[in-house]
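Undergrad:
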Amino acid sequence: MGSELKGIIAGMLAEFQKIISVEAAVGTPIEFEDKVLIPVFSIGFGAGGGGGATRKEKEGAGYGVGGGGGLSPVALIAVFKGVSGPEGLKVLSLKPSGTLDKIVGEALPAVMEKVSEMRAGKTAEGTKTEP
């Protein structure tokens, strides 16, 4: 890899390093009624580069790099004023729930009830089960 390409890649990565920080992932707090809302973002980026030269030094060479990135809001942290401890915090997801999340969420209470019955040695009909 030519020294020119190394310099280009180093410069690009230095710029990405400036952009990607905790400050970028956690947004500016917003006061709203009895709470402070703190936005949380997901940050991603990608980069690539390559180059080549002919066997003859004077015929030329070519190098290139590219990159891109973005951030997406994923959650809000709500800090309730005057409420201390874990009760004073709530994380609100901004990602849409998937089908699996919905199925598990709906089935979980019934599954937990069955597990409790099994631990107590009872079946759904109320009879004792053999250990």
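Residue numbers (this note's numbering): 10 to 140. Beta carbons: idealized from backbone N, C-alpha and C, even for Gly.
Enumerate in chain order the residues of its own chain whose CB-to-CB distance from G97 is below 6 Å, with the five nearest sequence positions on each side excluded.
TA: Residue 97 sits at position 88 when you count from the first residue of the sequence shown. Correct list, in chain order: F89.
Undergrad: Going straight from the alpha carbon of G73 to that of A34, what length do you get?
TA: Position 64 of the sequence shown, counting from 1, holds the residue named residue 73. Position 25 of the sequence shown, counting from 1, holds the residue named residue 34. Cα-Cα distance, rounded: 29 Å.
Undergrad: With DSSP run on the structure shown, which of helix, strand or coil describes S81?
TA: The count along the sequence shown starts at 1 and reaches residue 81 at position 72. Strand, per DSSP.
Undergrad: Drop a sphere of 10 angstroms on the beta-carbon of K44, count the other beta-carbons inside from all chains shown, and report buried for 16 or more, exposed for fewer.
TA: For the purposes of this step, residue 44 is taken as residue 35 along the sequence shown, with counting starting at 1. When all chains shown are included, K44 counts as buried.
Undergrad: Compute the Euclidean distance between the alpha carbons of A62 and G69, then round it to the nearest angstrom.
TA: For the purposes of this step, residue 62 is identified with residue 53 of the sequence shown, where counting begins at 1. For the purposes of this step, residue 69 is identified with residue 60 of the sequence shown, where counting begins at 1. Going from the Cα of A62 to the Cα of G69 covers about 6 Å.
Undergrad: Using 8 Å as the Cβ pair cut-off and three pairs as the minimum, do the region 73-83 and the region 114-123 touch?
TA: As far as the Cβ criterion goes, the region 73-83 does not touch the region 114-123, which means the pair count is below three.
Undergrad: Return the CA-CA distance between D58 and I18, expressed in angstroms with no decimal places.
TA: Looking up residue 58 in the sequence shown gives position 49. Looking up residue 18 in the sequence shown gives position 9. Before going on, a small fix: residue 58 reads as Gly here, not Asp. So the alpha carbons of these two residues sit roughly 7 Å apart.
Undergrad: Which stretch, first to last residue, makes up the beta strand (DSSP E) that contains G94?
TA: As a first step, residue 94 is located in the sequence shown; it is residue number 85 there, counting from the start. Looking at the DSSP string, G94 is not in any beta strand (DSSP E), and its letter there is neither H nor E.
Undergrad: On the DSSP bridge list, what partners appear for K44?
TA: If you number the sequence shown from 1, residue 44 lands on position 35. BP columns for K44 point to F41, F89.
Undergrad: Is G20 helix, strand or coil when you go by DSSP?
TA: Taking the first residue of the sequence shown as position 1, residue 20 is located at position 11. The answer is helix: DSSP assigns G20 an H, G or I state.
Undergrad: Using a Cβ-Cβ cutoff of less than 8 Å, which residues in the same chain neighbour F25 once the five nearest sequence positions on both sides are dropped?
TA: Counting from 1 along the sequence shown, the entry for residue 25 is found at position 16. Contacts found: F54, A56, G76, G78.
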